[in-house]
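When the letters of the sequence shown are read in order and numbered with my numbering, they come out as residues 122 to 151. Structure record follows, encoded as structure tokens.
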Amino acid sequence: HGNIEDAVTAFESIQSVVSYWNLALEGRRH
């Protein structure tokens with residue numbers, strides 16, 4: 122039990138990190 126929830130939480134965390142890095146990289150370009 123909770124494995125799916127853990128997977129979703131991990132996925133959301135990764136998405137947050139990816140979004141953060143994308144913004145950081147875009148910020149450097151401009």
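A virtual CB, placed ideally from N, CA and C, is assigned to each residue, including glycine. These figures come from a predicted structure and were not determined experimentally.
I need the DSSP call for residue i, collapsed to helix, strand or coil.
{"i": "residue 148", "result": "helix"}
Can you grab the Cα-Cα spacing for the pair residue i / residue j, in whole Å?
{"i": "residue 145", "j": "residue 138", "result": "10 Å"}
{"i": "residue 140", "j": "residue 147", "result": "11 Å"}
{"i": "residue 130", "j": "residue 150", "result": "31 Å"}
{"i": "residue 126", "j": "residue 132", "result": "10 Å"}
{"i": "residue 128", "j": "residue 135", "result": "10 Å"}
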